[in-house]
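Trainee:
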């Protein structure tokens with residue numbers, strides 16, 4: 062949507078900010094795979110939305126942690142990896158992000174997110 066430079070999109074309530082990053086010093090190649098899994102995004106989003114604004118319980122605290130501090134930490138490190146052209150680190154962060162999603166989000170929507 063924004064062309065070649067990597068772009069960071071920051072959402073905070075009703076606020077949206079887009080910031081272009083400098084291109085990495087060397088190309089970073091990504092392989093995107095569609096596993097042809099059948100998931101219902103509407104159900105997933107509705108289940109995750111139940112954590113907001115402050116639904117009680119460890120399950121929903123985990124969802125808020127995932128989309129708050131965990132997301133901010135991984136995203137900040139990924140931005141640094143992109144700026145440095147560190148594809149290996151970026152891949153490690155993508156793996157970590159998926160593990161955190163599986164840990165905190167999957168239990169909130171087991172019908173759609175459990176393997």
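In this note's numbering, the protein residues as written are 62 to 176. The C-beta atom is built at its ideal place from N, Cα and C for all residues, glycine as well.
(1) Measure the alpha-carbon distance for residue 63 versus residue 156 and round it to whole angstroms.
(2) Starting from residue 78, follow its DSSP beta bridges and name the residues at the other end.
(3) Are the CB atoms of residue 154 and residue 89 nearer to each other than 9 Å?
(4) Pull up the distance between the alpha-carbon of residue 87 and that of residue 147, whole angstroms please.
(5) Who are the Cβ neighbours of residue 135 in its own chain at under 8 Å, not counting the five residues just before and after it?
Mentor: Considering the structure as presented:
(1) As a first step, residue 63 must be located in the chain shown, where it is residue number 2. As a first step, residue 156 must be located in the chain shown, where it is residue number 95. Looking at the two C-alpha atoms, the distance is approximately 25 Å.
(2) The count along the chain shown starts at 1 and reaches residue 78 at position 17. The partner list for residue 78 (beta bridge, DSSP) reads 71.
(3) Here residue 154 corresponds to residue number 93 of the chain shown, with the count starting at 1. Here residue 89 corresponds to residue number 28 of the chain shown, with the count starting at 1. For residue 154 and residue 89, no; Cβs fall outside 9 Å.
(4) As a first step, residue 87 is located in the chain shown; it is residue number 26 there, counting from the start. As a first step, residue 147 is located in the chain shown; it is residue number 86 there, counting from the start. C-alpha separation (whole angstroms): 9 Å.
(5) As a position in the chain shown, residue 135 is number 74, starting the count at 1. Closer than 8 Å at Cβ, skipping near neighbours: 154, 157, 158 and 161.
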